[in-house]
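Protein chains in written order, with my numbering: chain Z, 138 to 290; chain F, 447 to 800. Structure, as C-alpha cells:
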Amino acid sequence: MSNLTKTEIKKERRSFLNTILKTGLVAWVASVIYPVARFLVPPKTAELNVNNIDLGLVAEFPKNSSKIVRFGRKPIIVIRKESGDFKALEATCTHLDCNVQFKKETEQIWCACHNGLYDIEGKNISGPPPKPLAQFKVDIAREKIIVSKMDLS
Amino acid sequence: MSIYEWMNERIDLDSVKKFALKKRVPIFYGSVWYYLGGVSLFLFMVQVFTGILLILYYQPGAETAYESVKFIISRVEFGWLIREVHSWSANLFILFAFFHMFTVFFAKAYRKPREMTWVTGMILLMLSLGFGFSGYLLPWNELAYFATKVGSDIAGAVPVIGDFALRLLRAGDEVSGATLTRFYGIHTALLPGMFTVVLGIHLILVQVQGMSVPPEIEKIPEEKRKSIPFFPDFALQDAMAWLIVLNLIALLAVFFPWDLGPKADPLASAPAGIKPEWYFMFMFQTLKYIPAHVLFIEGELFGIMLFSIGGLIWFLVPFLDKKANDGIRTPFWTWFGILLIIYMIVLTAWGYLT
C-alpha cells in the first residue's frame, strides 16, 4: 500500500480524468474542424495541358490590333504590330491580376486598374507592376498563327 | 388578463420595462452623434429586408447571375426599386458606420469600461466591408469581376498563407462561377449570421453600460448634466432620423440609379477608368502610387503591411490610448484620427478627380 492519503488519491484521479476529458475535447474539436477546413479548399483541377493554340489566318488579324484569348485556363494577349509582326504575352497584369490592354497610339500595353505600363515586349516600364509579362511564342505556319509556350531551354 | 400580464407572470417583464424607462440620454453639444449608431442599425435592417427579397429572384452562377439581376430590374415589379434601395442603403450603411466610428473615436467613448464595445464595433466594420466586397461581385458585371480579381489577388500576396487564402476565396485559381457561388454563400449566410451575433453583443453592451459622454462632459457633476428619457423622447427622435434616412434612400434610388454595366467577360481588358467602391478608394489609390518595390519588399506586399498595421493600431486603440481612461486627451491620438481622416478624404478625392 502506498503512503498516499485518500484525498491525495482523489486529487490524482480528478486530474487524470481532467486530462482525459481535455484531450477528448481537443480531439473532438479537431475531428470537426479538420474535415470542414479540407472541405473549404477547392480540389485541384487538372492543368489543361495546352501546348499551342491556332488563331486563324494571318490575313484576318488586322495590323496594329490585339486580341485576348484563352491559353489553357489563362488569358493571353496577342498583338499584331504596325510592322506586321506578332507578339503574344500573358494578359494578366503582374501587379494585381487585371486584364491588360494594347494601346495602339503608343504601341504599349496598359493596365487600367492601377495604371501599370509595359512596353510592347512585355517589360514593365512604369507604374506598380513588379515583373514583366510572361512571353509566348508565335509561329506562322501555312499562313496560320500558332501560339505556343516558350521553350525554356 | 392582458397578454402583458400573462407573460409578466412567467418571465418578469416588469423588470425589463423598469430598465427601459430608467434609460436616459445625455444632452450636450454632441447628442446628435447618438443618432449615428441607430441610423447604421436601421440601414442594416433595410439591408436584411431588401436582401431577403432579392434572394427570391437572384440566381448565382456565371450563366445566370447577371441575367437574373437584369430580370429583377427590368421585369419584376418594383424589382428596380428593391435593388436600388439595397445598393444605396449598403453605401449609406458604410458611410454612417464610418461617421459613427469617428465620433466615437473623438469622443473617446472607447475608454474604460467600453473597450469591448469598440472592439465589437471594429469587428462589425470588418464584416461590413466583407459584405461590401462579396456583394459587389454578385451582379457578375465587368466592374465586379475585375474588382474581385484585384481584391482576391491582394489576399494572395500575403506571405505564407497567401496562396491558400486566394484559392479559398476564389474557389479555384481564377475568378469564376465557383467564386460567385462561394461569395453568394458568404454574403447571404455566413456574414449575416456572424454579423447578427456580434451586433447583438454590441447592442447589449450599449444597453448595459449606457451612453458614453466625452471626458469634458463627464467632469461636470452628474446633477448639473442635462439628459432626456430614452422612452419616449429619444426613441421618437431616433424614429424621425430613420424616417429621414429612408426618404433619402428613396430619393437616391429613384434619381441616381446604379448602372449594371456589361456582363463580366474573363477575356476582356479591364476598362479604362475602372474604380472600386468609394470606401475602398483610398486603399486603391495608395496601391496605385506605391512603386513596384519599396526597399527590398514588393510594392503590393508593402501596401498590405501598411494597411494591416494601421488597421491593427486602430482596432487596439482602447488598449493603446491608456490616458483616455483618466479623461485625458493626448495630442498624439487626436492627430492620429485627424490625419487618418485627411488621408482618407484626400486620397478618395484624388482617386475620383484623376
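Idealized CB from N, CA, C, for every residue including glycine. These numbers come from a predicted model, not from an experiment.
Could you pull the start and end residues of the alpha helix (DSSP H) that residue i belongs to?
i, result
"K734 of chain F", "M727 to Y735"
"I632 of chain F", "First-last for I632 of chain F: undefined, no H or E at that position."
"K670 of chain F", "Note, K670 of chain F: premise wrong, no alpha helix (DSSP H); not H, not E."
"F610 of chain F", "G608 to R616"
"V654 of chain F", "L637 to Q655"
"P764 of chain F", "V763 to L766"
Check for me: the beta strand (DSSP E) holding residue i runs from which residue to which?
i, result
"F223 of chain Z", "F223 to E227"
"I473 of chain F", "R470 to I473"
"L194 of chain Z", "N189 to L194"
"A278 of chain Z", "Q272 to A278"
"N261 of chain Z", "N261 to S263"
"S203 of chain Z", "S202 to F208"
"Y255 of chain Z", "G253 to Y255"
"F239 of chain Z", "Q238 to K240"
"W247 of chain Z", "Q245 to C248"
"R217 of chain Z", "K211 to R217"
"I282 of chain Z", "K281 to K286"
According to the neighbour-count rule (16 or more other Cβ atoms, all chains shown, within 10 Å of its Cβ), is residue i buried or exposed?
i, result
"P585 of chain F", "buried"
"W165 of chain Z", "exposed"
"M729 of chain F", "buried"
"V462 of chain F", "exposed"
"M547 of chain F", "buried"
"A699 of chain F", "buried"
"S290 of chain Z", "Low confidence applies here, because S290 of chain Z scores a pLDDT of 49, under 50, leaving its location unreliable; read the following figure in that light. The residue in question, S290 of chain Z, is exposed, as its Cβ has fewer than 16 Cβ neighbours within 10 Å."
"F742 of chain F", "exposed"
"L158 of chain Z", "exposed"
"V169 of chain Z", "exposed"
"R150 of chain Z", "exposed"
"W247 of chain Z", "buried"
"N155 of chain Z", "exposed"
"L177 of chain Z", "exposed"
"S658 of chain F", "buried"
"Y798 of chain F", "exposed"
"S533 of chain F", "buried"
"K769 of chain F", "exposed"
"W781 of chain F", "exposed"
"V494 of chain F", "exposed"
Who are the near neighbours of residue i in its chain, counting only those whose CB is closer than 7 angstroms to its CB and skipping five residues on each side?
i, result
"A593 of chain F", "Y582 and P722"
"P708 of chain F", "N587 and E588"
"L141 of chain Z", "none"
"P660 of chain F", "G476, A553 and K554"
"I498 of chain F", "none"
"S598 of chain F", "L612, L615, R616 and V621"
Check the Cβ of residue i against every Cβ in chain Z and list those closer than 7 angstroms, keeping chain order.
i, result
"D599 of chain F", "L233 and D234"
"K595 of chain F", "D234 and C235"
For residue i, return the contacting residues in chain Z, with the cut-off set at a CB-CB distance below 9 angstroms.
i, result
"L583 of chain F", "By Cβ distance, chain Z contributes nothing, its closest Cβ being about 14 angstroms from L583 of chain F, past 9 angstroms."
"L739 of chain F", "According to the sequence shown, residue 739 of chain F is His rather than Leu. Neighbours of H739 of chain F on chain Z, chain order: P267."
Can you pull the chain F neighbours of residue i, defined as C-beta to C-beta under 9 angstroms?
i, result
"A249 of chain Z", "F592, S715, A716, P717, A718, G719 and I720"
"N186 of chain Z", "Neighbours of N186 of chain Z on chain F: none; closest Cβ ~15 angstroms, over 9 angstroms."
"R207 of chain Z", "P712 and L713"
"T182 of chain Z", "G618 and D619"
Could you name the residues of the same chain whose beta carbon sits closer than 6 angstroms to that of residue i, not counting the 5 residues immediately before and after it, in chain order?
i, result
"G618 of chain F", "A624"
"V740 of chain F", "F748"
"F551 of chain F", "G783"
"M790 of chain F", "F728"
"M442 of chain F", "This structure cannot speak to residue 442 of chain F, because chain F is shown only from 447 to 800."
Please list, in chain order, the chain F residues whose beta carbon lies closer than 8 angstroms to that of residue i.
i, result
"L177 of chain Z", "L614"
"T243 of chain Z", "Simply none; closest approach about 14 angstroms."
"R210 of chain Z", "D619 and E620"
"N252 of chain Z", "K734"
"N261 of chain Z", "A738"
Give me the chain Z residues within the contact set of residue i, using Cβ-Cβ distance strictly less than 8 angstroms, ordered along the chain.
i, result
"E744 of chain F", "P267"
"I736 of chain F", "P265"
"A624 of chain F", "P179"
Mind checking whether the beta-carbon of residue i lies closer than 7 angstroms to any heavy atom of the ligand GDP?
i, result
"K211 of chain Z", "As for the ligand GDP, it is missing from this structure, which has no ligand bound."
Closer than 8 angstroms is the cut-off here; do at least three beta carbon pairs connect the stretch 556-571 of chain F with the stretch 636-645 of chain F? Taking one beta carbon from each stretch, the stretch 556-571 of chain F and the stretch 636-645 of chain F have 3 or more pairs nearer than 8 angstroms; the two touch.
Whether or not the stretch 469-476 of chain F and the stretch 666-678 of chain F are in contact is what I'm after, with contact meaning three or more pairs of Cβ atoms, one per stretch, closer than 8 angstroms; do they touch? Remark: three or more beta-carbon pairs, one from each stretch, lie closer than 8 angstroms, so the stretch 666-678 of chain F and the stretch 469-476 of chain F are flagged as touching.
Across the stretch 674-690 of chain F and the stretch 214-222 of chain Z, are there enough close Cβ pairs to call them in contact, namely three or more that are closer than 8 angstroms? Verdict: no, contact absent.
Touching by the beta-carbon criterion (3+ pairs, under 8 angstroms), the stretch 532-545 of chain F and the stretch 479-487 of chain F: Yes, they touch.
For the stretch 267-287 of chain Z and the stretch 511-527 of chain F, state whether three or more C-beta atom pairs, one from each stretch, are separated by less than 8 angstroms. Contact between the stretch 267-287 of chain Z and the stretch 511-527 of chain F is absent, because fewer than three Cβ pairs lie under 8 angstroms.
Spell out a yes or no on whether the stretch 626-638 of chain F and the stretch 180-194 of chain Z are touching, meaning 3 or more CB-CB pairs, one atom from each, closer than 8 angstroms. Taking one beta carbon from each stretch, the stretch 626-638 of chain F and the stretch 180-194 of chain Z have fewer than 3 pairs nearer than 8 angstroms; the two do not touch.
Can at least three beta-carbon pairs, one atom from the stretch 483-497 of chain F and one from the stretch 532-541 of chain F, be found at a separation below 8 angstroms? Three or more Cβ pairs drawn from the stretch 483-497 of chain F and the stretch 532-541 of chain F lie within less than 8 angstroms of each other, which places the two stretches in contact.
Counting Cβ pairs closer than 8 angstroms, one from the stretch 256-266 of chain Z and one from the stretch 451-461 of chain F, do we hit at least three? Too few Cβ pairs lie closer than 8 angstroms, so no.
Please determine if the stretch 271-278 of chain Z and the stretch 223-232 of chain Z are in contact, where contact requires at least 3 C-beta pairs separated by less than 8 angstroms. Yes, the stretch 271-278 of chain Z is in contact with the stretch 223-232 of chain Z.
Are there three or more Cβ pairs, one per stretch, closer than 8 angstroms when the stretch 706-720 of chain F is compared with the stretch 192-208 of chain Z? Output reads yes: the stretch 192-208 of chain Z touches the stretch 706-720 of chain F.
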